Amino acid sequence: MNLFTCEKVITEISNYLDGDLDEDLKRSLEAHINKCQHCRVVFDTTRKTIELYCDGKLFPLPDDVRARLHEAIRRRWRERQGNT
Amino acid sequence: MGESPQAAVARDEAVLVTEAKAGSYAAFEELVNRYEKKIYRLGMNITGSPQDAEDVLQETFLKAFEHLGDFRADSRFYTWIVRIAVNEGLMKLRKRRSSKEVPIEDTEGDDGAPTPRELADWKPNPEQELARSELENILQDAARLLPPTFRTVFYLRDVEGLSTEETAALLGLSVGAVKARLFRARLRLREDLSRIFKRG
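Chains as they are written, first to last, in our numbering: chain L, 1 to 84; chain W, 1001 to 1200.
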């Protein structure tokens, strides 16, 4: 029996995506989503949102930023060597 | 029984830390090479600013270098520097507190489910229609509108793949608070992106 309301689905979407729902709740949520287009859209687009942010190419480290980082560490290293 | 890839990485990392503690610059540089991209991305995600992200990156590794002797081998080096970077990032935001740019305090509670308002389906693969920089700007703008701890929870859990418990420990939050903030962050981002990516 599908006892899930739309509000309950929204509340549990995050737990579903994290695999935190037990089998009964998971099946109820899936049954609701299969019948309710609005909830299916919210579910699909929430998952897609996470996928977009997970793309490893986001915010690549610029070469000049990397060069300044390594120079700063080298400088600190030399200072320490000089003090010993 | 063979060693898992994660265990092999952790063991390898522990060897590098030991060598770096003993004075090997090459070992410390190797640790930097491994994690510099992730720490920069973390800085970008927390602060939303390239300049602040660079500061977070430098401060994180310089502090790690200075305090390497205090690092205890019972935790992973990577988890340790993520903690330093999160603190540096949140400190940057606190410094901006007086300028109206970023609210540091979470202005909304953890209770109740936000009501989704954008219910139209998205275009298929909207990211393929956009230049990389355009997509980055859209994602960054949406993330910037989140309260900082919501954004940080989202980043650590969904992008970095830390567990709920690890995220809670890093941020000094309860497991329940991490779950509530993650839930609201995901739905808020979805709502904002839906306005851009919806069909029609």
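For glycine and all other residues, C-beta sits at the position ideal for the given N, C-alpha and C. This one's a predicted model, so the numbers in the text were calculated from it and none came from an experiment.
Check each residue of the region 72-84 of chain L: if its Cβ is closer than 7 Å to any Cβ of chain W, include it; give the result in chain order.
Listed by position, the residues of the region 72-84 of chain L near chain W (Cβ gap below 7 Å) are A72, I73, R76 and W77.
Please list the partners that C54/L has in chain W, where partner means a Cβ-to-Cβ separation under 9 Å.
Stepping through the first sequence from its first residue, residue 54/L is reached at position 54. Within 9 Å Cβ-Cβ: D1158, V1159 and G1161.
Shorter than 9 Å from the beta carbon of D18/L to some beta carbon of chain W?
Translated into the one-based positions of the first sequence, residue 18/L becomes position 18. It does; some Cβ of chain W falls within 9 Å.
Does DSSP classify K1198/W as helix, strand or coil?
Walking along the second sequence from the start, residue 1198/W turns up at place 198. Three-state result, K1198/W: strand.
C-beta atoms of V1032/W and L1042/W nearer than 9 Å:
Working through the second sequence from its first residue, we reach residue 1032/W at position 32. Working through the second sequence from its first residue, we reach residue 1042/W at position 42. No, the pair does not count as a contact, with Cβ atoms beyond the cut-off.
Of the residues L1156/W, A1143/W, A1026/W and E1136/W, the one placed nearest F59/L, counting alpha carbons only
Numbered from its first residue, the first sequence carries residue 59/L at position 59. Ranking L1156/W, A1143/W, A1026/W and E1136/W by Cα distance to F59/L puts E1136/W first.
Does any residue of chain L bring its CB to less than 9 Å from the CB of S1075/W?
Position 75 of the second sequence, counting from 1, holds the residue named residue 1075/W. For S1075/W, the answer is no, since every Cβ of chain L falls outside 9 Å of its Cβ.
Excluding the 5 residues flanking E51/L on each side, which residues of the same chain have their C-beta closer than 6 Å to its C-beta?
Locating residue 51/L in the first sequence gives position 51, counting from the first residue. Within its own chain, no residue has a Cβ closer than 6 Å to the Cβ of E51/L once the five positions on either side in sequence are excluded.
What does W77/L pair with, by DSSP beta-bridge criteria?
Within the first sequence, the letter at position 77 stands for residue 77/L. Beta-bridge pairing links W77/L to no other residue.
Say whether the region 1186-1197 of chain W touches the region 1116-1123 of chain W, bearing in mind that this needs 3 or more beta-carbon pairs closer than 8 Å, one atom from each stretch.
Note that the region 1186-1197 of chain W touches the region 1116-1123 of chain W; at least 3 beta-carbon pairs, one per stretch, sit closer than 8 Å.
For K48/L, would you say it is in contact with chain W, using Cβ-to-Cβ distances shorter than 9 Å as the test?
In the first sequence, residue 48/L corresponds to position 48, counting from 1. Yes - at least one Cβ of chain W is within 9 Å of the one on K48/L.
heavy atom of the ligand ATP below 8 Å from P1116/W C-beta:
Among the components modelled here there is no ligand, and therefore nothing to report on the ligand ATP.
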